[in-house]
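To convert a position in the sequence shown, counted from 1, into this note's numbering, add 36. Following: one structure in structure tokens, then a few remarks.
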Amino acid sequence: MDPGTIIGVGTGTTIFYFIEALGTIKNLIYGAVSSSNSSTVLLKKHGIEVFDLKNFSSLAIYVDSADEINNHMQMIKGGGGALTREKIIASMSKKFVCIIDKSKKVDVLGTFPLPIEIIPMALSYIFREMIKIGGTPKYRKNVITDNGNIIIDVYNLCIKDPISMEKKINSLPGVVTVGLFASRSADIVLIGTQKGIRTINKKENR
């Protein structure tokens with residue numbers, strides 16, 4: 037990471053630890069772009085300036101975690117409800133670094149329920165469409181996203197073709213975004229193990 041870099045920062049428990057660590061080297065970075073209000077609050081608490089993504093055409097690096105990740109470095113994200121902003125920042129970043137513990141690594145995505153951010157009026161329609169593809173959708177109660185929308189979580193999916201499913205669900209009217217990060221997968225995965233950090237690079241993983 038070059039001095040003066042603006043870092044894209046994700047959301048969630050793992051990333052909150054990352055933000056704390058980032059605060060110890062904040063003099064080496066210019067600032068951050070945040071994927072959620074909660075991350076923004078924590079970044080500012082550690083004295084890191086937060087910039088608006090609309091002022092940038094791209095970012096050098098984005099750091100986030102995942103709820104599940106497969107061998108192709110494709111992920112399910114959105115357990116923390118910030119999937120849309122996370123996907124936007126990931127798509128605009130030249131390098132996507134994903135930090136996980138080994139329990140998040142799976143052969144096939146779908147054990148973790150798939151989050152979908154939708155506009156409220158589309159709830160019954162999206163429920164029916166998810167049932168058609170074999171899922172069991174549940175409304176995430178008492179959750180409004182930072183964008184003012186709602187989230188459903190789809191259980192009992194076996195996602196063997198994440199890219200195809202991502203495109204299919206994203207094409208449904210009323211869907212803001214689905215928590216499949218398949219078309220834009222991670223470039224580097226850092227896995228915390230009892231023996232230390234294991235690094236997987238996308239080029240080496242092919």
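Don't be surprised by glycine CBs; every beta carbon is placed ideally from N, CA and C. On a predicted model such as this, the values are computed, not experimentally measured, just so you know.
query: Please report the distance separating the alpha-carbon of Ser-72 from that of Ser-101.; result: 13 Å
query: Quick one, which of Gly-232, Ile-227, Leu-78 has its alpha-carbon nearest Asn-107's?; result: Ile-227
query: Locate the beta strand (DSSP E) running through Ala-68, then write down its first and last residues.; result: 65-70
query: Whose C-beta lies closer than 8 Å to the C-beta of Asn-183 among residues of the same chain, with five residues either side of it excluded?; result: Thr-120, Arg-121, Glu-153, Val-212
query: Run through DSSP, which three-state label would Asn-106 get?; result: coil
query: Pro-173 by DSSP, collapsed to three states: which one?; result: strand
query: Take Gly-146 as the anchor and find which of Val-214, Val-69, Gly-40, Ile-61 has the nearest alpha-carbon.; result: Val-214
query: Any heavy atom of the ligand GTP closer than 7 Å to the beta-carbon of Val-77?; result: Among the ligands in the structure shown, none appear at all, so the ligand GTP cannot be discussed.
query: Which whole-angstrom value describes the C-beta separation of Asp-223 and Val-133, a residue pair presumed to lie in contact below a C-beta threshold of 8 Å?; result: 7 Å
query: Could you tell me whether the Cβ atoms of Ala-158 and Pro-198 are closer together than 8 Å?; result: no
query: DSSP on Gly-232, reduced to helix/strand/coil?; result: strand
query: Opposite Ile-224 in the DSSP bridges: which residues?; result: Val-133, Asn-237
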